[in-house]
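Trainee: Protein chains in written order, with the working numbering: chain A, 52 to 71; chain B, 6 to 287.
Glycine residues also receive a C-beta, built at the ideal position from the N, C-alpha and C atoms.
Quick caveat, the model's predicted, so the values are computed rather than measured.
Got a structure here, written out as structure tokens. Questions coming.
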């Protein structure tokens, strides 16, 4: 339940997850 | 120009996910530029929201009084530049219809002169070239073009100028002008204490009485992280010396929606900036 009440998105970190 | 039609999709399978439903709809429409679109619904509390693709449809808070469940197929994300990114004719037409509707409903503010010019492109898209032999005065009387109808002559003057522009060209000319309107492509959240706008380029903060000019803008390139904890939403700038920007939303689910829109818009933002574009990969 606790997890559903929080959320995060790393805008800068997202660049690293992009498929090359 | 076909009028927009309401489509009801029913499913027998309670396990159907949002993605299965969405894929079905885009297949029927023949749409390939799917990343801009989503299925919108009204939740049990009466708020408009987007169907999540990775969850079962029945697990989502779709208003149950309506049987069958009702969804609107709409653009959820907007391109930074329509002429660069909207390739398929069906995509162009869906954007054209949606933006035109938003302008006519005053959801996107449009100055009168621009509204007249846009209306003339809508007329060109619908009727083709202006021909004074067959277009008698009153030829636009039954069309929804502007909030008030007394502008026919001014629209007609522009309409005459568009001779030779094909239907698809007219719709794109319409969108190329409309995309420069301040409120185009912005998802506003007005229930928050400050008015928030999420769009293709980042987050903007507005005062409630002026949704045209942001008080502060945070382009994606200047944001390190966005997050929420219950009703509090926090934006951390890349610049460590700059203070975090936080605000409270009235409901947790508003924060979930804001975060989902941030993720979707930023995903498209990143893909546009890769040498291998979405269109090329498709």
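(1) Residue 67 of chain A touches chain B at which residues, Cβ-Cβ below 8 Å?
(2) Would the stretch 198 to 212 of chain B count as touching the stretch 160 to 168 of chain B if we require 3 or more Cβ pairs under 8 Å?
(3) Can you name the start and end residues of the alpha helix (DSSP H) that residue 175 of chain B belongs to?
(4) Starting from the C-beta of residue 123 of chain B, find all residues in its chain whose C-beta is less than 8 Å away, skip the five residues before and the five after it, and write them out in chain order.
(5) Expressed to the nearest angstrom, what Euclidean distance is found between the alpha-carbon atoms of residue 52 of chain A and residue 58 of chain A?
(6) Does DSSP classify residue 270 of chain B as helix, strand or coil?
(7) Relative to the ligand ZN, is the shortest distance from any of its heavy atoms to the C-beta of residue 177 of chain B smaller than 7 Å?
(8) Taking a contact to mean a Cβ-Cβ separation below 8 Å, would you say residue 176 of chain B touches residue 97 of chain B in this structure?
(9) Taking 8 Å as the cut-off, decide whether the C-beta atoms of residue 44 of chain B and residue 76 of chain B are in contact.
(10) Go through its chain and collect everything with a Cβ distance to residue 250 of chain B's Cβ below 6 Å, but skip five positions before and after it.
(11) Touch check for the stretch 232 to 239 of chain B and the stretch 252 to 259 of chain B: three-plus C-beta pairs under 8 Å?
(12) On a CA-only basis, which of B:86, B:102, B:90, B:208 is nearest residue 10 of chain B? Give me that one, please.
(13) Taking 8 Å as the threshold (C-beta atoms), are residue 232 of chain B and residue 60 of chain A in contact?
(14) Taking its Cβ as the centre, do 16 or more other Cβ atoms sit within 10 Å of residue 130 of chain B, making it buried, or is it exposed?
(15) Looking at the secondary structure, which residues open and close the alpha helix (DSSP H) in which residue 62 of chain B lies?
(16) Against residue 233 of chain B, what residues of chain A qualify as contacts under a CB-to-CB distance less than 7 Å, listed in chain order?
(17) Does DSSP put residue 45 of chain B in a helix, in a strand, or in coil?
(18) Are the C-beta of residue 230 of chain B and some C-beta of chain A separated by less than 8 Å?
(19) Could you please give me the residues that DSSP links to residue 233 of chain B through a beta bridge?
(20) Along the alpha helix (DSSP H) that carries residue 122 of chain B, what are the first and last residues, could you check?
(21) Can you tell me whether DSSP reads residue 140 of chain B as helix, strand or coil?
(22) Quick one: any contact between the stretch 190 to 200 of chain B and the stretch 213 to 224 of chain B, if contact means 3 or more CB pairs under 8 Å?
(23) Anything in chain A within Cβ reach of residue 56 of chain B, meaning under 7 Å, just list it in chain order.
(24) Beta-carbon within less than 7 Å of residue 63 of chain B's beta-carbon, same chain only, minus the 5 sequence neighbours each way: which residues are those?
Mentor: From the atom records:
(1) Taking the first chain and counting its residues from 1, one reaches residue 67 of chain A at position 16. Going along chain B, no residue has its Cβ under 8 Å from residue 67 of chain A, so there is no contact; the nearest lies around 10 Å.
(2) no
(3) Position 170 of the second chain holds residue 175 of chain B. Unbroken alpha helix (DSSP H) run through residue 175 of chain B: 172 to 183.
(4) Sequence index remark: in the second chain, residue 123 of chain B carries index 118 (1-based). If we look at residue 123 of chain B and ignore the five residues flanking it on each side, its Cβ neighbours are 105, 108, 115, 179, 182, 183.
(5) The residue labelled residue 52 of chain A in the question sits at position 1 within the first chain. The residue labelled residue 58 of chain A in the question sits at position 7 within the first chain. Bear in mind that the predicted position of residue 52 of chain A carries a pLDDT of just 47, short of 50, making it unreliable; the figure below should be weighed with that in mind. Between residue 52 of chain A and residue 58 of chain A, the C-alpha separation is close to 12 Å.
(6) Along the second chain, read from residue 1 onward, the residue named residue 270 of chain B stands at position 265. The answer is helix: DSSP assigns residue 270 of chain B an H, G or I state.
(7) The ligand ZN is absent from the structure shown, which contains no ligands of any kind.
(8) The residue labelled residue 176 of chain B in the question sits at position 171 within the second chain. The residue labelled residue 97 of chain B in the question sits at position 92 within the second chain. In this structure, residue 97 of chain B lies closer than 8 Å to residue 176 of chain B by Cβ.
(9) As a working note, residue 44 of chain B is residue 39 in the second chain. As a working note, residue 76 of chain B is residue 71 in the second chain. Against a cut-off of 8 Å, the Cβ pair of residue 76 of chain B and residue 44 of chain B comes out as a contact.
(10) The count along the second chain starts at 1 and reaches residue 250 of chain B at position 245. Around residue 250 of chain B: 240.
(11) yes
(12) What you label residue 10 of chain B is simply residue 5 of the second chain in a count that begins at 1. Selected option, being the one with the closest Cα: B:102.
(13) Within the first chain, residue 60 of chain A is the residue found at index 9, counting from 1. Within the second chain, residue 232 of chain B is the residue found at index 227, counting from 1. Against a cut-off of 8 Å, the Cβ pair of residue 232 of chain B and residue 60 of chain A comes out as a contact.
(14) By one-based count along the second chain, residue 130 of chain B stands at place 125. When all chains shown are included, residue 130 of chain B counts as buried.
(15) Translated into the one-based positions of the second chain, residue 62 of chain B becomes position 57. Residue 62 of chain B -> no alpha helix (DSSP H), and no H or E assigned at all.
(16) By 1-based counting over the second chain, the position of residue 233 of chain B is 228. Here the neighbours are 57, 58.
(17) As a first step, residue 45 of chain B is located in the second chain; it is residue number 40 there, counting from the start. In this structure, residue 45 of chain B counts as strand in the three-state DSSP scheme.
(18) Numbered from 1 along the second chain, position 225 holds the residue referred to as residue 230 of chain B. Yes - at least one Cβ of chain A is within 8 Å of the one on residue 230 of chain B.
(19) As a first step, residue 233 of chain B must be located in the second chain, where it is residue number 228. Residue 233 of chain B pairs with A:58, B:238.
(20) Walking along the second chain from the start, residue 122 of chain B turns up at place 117. Residues 117 to 132.
(21) Translated into the one-based positions of the second chain, residue 140 of chain B becomes position 135. Three-state result, residue 140 of chain B: coil.
(22) yes
(23) Within the second chain, numbered from 1, the residue matching residue 56 of chain B stands at position 51. Chain A residues near residue 56 of chain B: none, gap ~18 Å exceeds 7 Å.
(24) By one-based count along the second chain, residue 63 of chain B stands at place 58. Around residue 63 of chain B: 19.
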